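K.L.:
All residue numbers in the sequence shown are consecutive under my numbering, ending with 1629.
Where is the CB? At the ideal position from N, CA and C, for every residue including glycine.
Predicted, not measured: the structure shown is a model, and the values here were computed from it.
First, the structure itself, so that you have it in front of you.
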Amino acid sequence: MSDTTASESPKKAYSGSCMCKKVRYTVQLALADPPCFIRCNCTFCTKSGFDSANIKSLDFHLQAPCSTAEATSGKTSSRETLGRFCAPTSPTLFRYFCDKCGNQIFVAGTYYYEGRPIEHFSINIKLLDQPQEGLDLSKFKFEYYDGLSDKYMEKKTDGPYPGGLV
């Protein structure tokens, strides 16, 4: 899956945070009209409520409790870091979450598709702060992916694949 923001639109900074505000960040997004993001039916995305935008890692900046580089390196104290989880099926793709309120913040790392390594970085769009000028979550549209059947490169816009949410 490629960058899901509109590359022809200018990027704008938006803020995001988890429910308890321990984790705060800014992200540069170029939003299409209407904004279109990813809803996948895989077990992780469905059970964690992770609707995503694939972005470049350099467009994401953790402000608290630590920097993005510190969080992904694992070299900070436990009080300053995020929780981190990886599924046995994707041991090099890490899901970062607030260890206080449990919100899923971002996913970073490498996954393999048809034997090829693919670098990945995505954010949970549900954590973008509201209200925010130029960003209305009610206007978001979705591209649906069939991760449950390992068909991550196929998408559709007319509704979810079996097992997915509208």
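So what does DSSP say about leucine 1600, is it helix, strand or coil?
P.N.:
helix
K.L.:
Output needed for threonine 1535: all residues of its chain with C-beta closer than 7 Å, excluding positions within five of it in sequence on either side, in chain order.
P.N.:
These residues qualify, in order along the chain: Ala1571.
K.L.:
For chain C, is any of its Cβ atoms less than 8 Å away from the one on valine 1486?
P.N.:
Here chain C cannot be found, since the structure has a single protein chain.
K.L.:
Roughly how far, in whole angstroms, is the beta-carbon of methionine 1482 from the beta-carbon of asparagine 1566, given that I think they are within contact range, below 8 Å?
P.N.:
5 Å
K.L.:
Suppose you measure from the CA of glycine 1479 to the CA of tyrosine 1488; what does that come to, to the nearest Å?
P.N.:
5 Å
K.L.:
Thinking C-beta only, is cysteine 1561 closer than 8 Å to valine 1486?
P.N.:
yes
K.L.:
How about serine 1585 and serine 1515: are their beta carbons less than 8 Å apart?
P.N.:
yes
K.L.:
Quick check: phenylalanine 1603 and phenylalanine 1507, are their CB atoms within less than 8 Å of each other?
P.N.:
no
K.L.:
What does a CB cutoff of less than 7 Å around glycine 1597 pick up in its chain, not counting 5 residues either side in sequence?
P.N.:
Lys1475
K.L.:
Looking only at DSSP bridge pairs, what is isoleucine 1501 linked to?
P.N.:
Ser1515, Glu1606
K.L.:
Considering only residues of the same chain and omitting the five flanking positions on each side of glycine 1546, which have a CB-CB separation below 6 Å?
P.N.:
Phe1560, Asp1562
K.L.:
Since methionine 1616 and tyrosine 1576 should fall inside the 8 Å C-beta cutoff, what is the C-beta to C-beta distance between them, to a whole number of angstroms?
P.N.:
Yes, they are in contact, since the Cβ atoms of methionine 1616 and tyrosine 1576 sit about 7 Å apart, within 8 Å.
K.L.:
Report the rounded CA-to-CA distance for methionine 1464 versus asparagine 1517, giving the unit in angstroms.
P.N.:
Because the pLDDT at methionine 1464 is just 48, under 50, the model does not fix this residue reliably, and the point stays unresolved.
K.L.:
Can you tell me the Cα-Cα spacing of phenylalanine 1513 and proline 1580, whole angstroms?
P.N.:
Annotation: phenylalanine 1513 to proline 1580 spans about 22 Å, alpha carbon to alpha carbon.
K.L.:
Between glutamine 1526 and the rest of its own chain, which residues show a CB-CB distance below 8 Å, the 5 nearest in sequence each way excluded?
P.N.:
Arg1487, Tyr1488, Thr1489
K.L.:
Within a Cβ cutoff of 7 Å, which residues of the same chain sit near leucine 1556, ignoring the five residues on either side of it in sequence?
P.N.:
Cys1549, Val1570, Gly1572, Thr1573, Tyr1574, His1583
K.L.:
From this set, Lys1619, Asp1613, Gln1491, Ala1495, which residue's C-alpha is nearest phenylalanine 1523's C-alpha?
P.N.:
Gln1491
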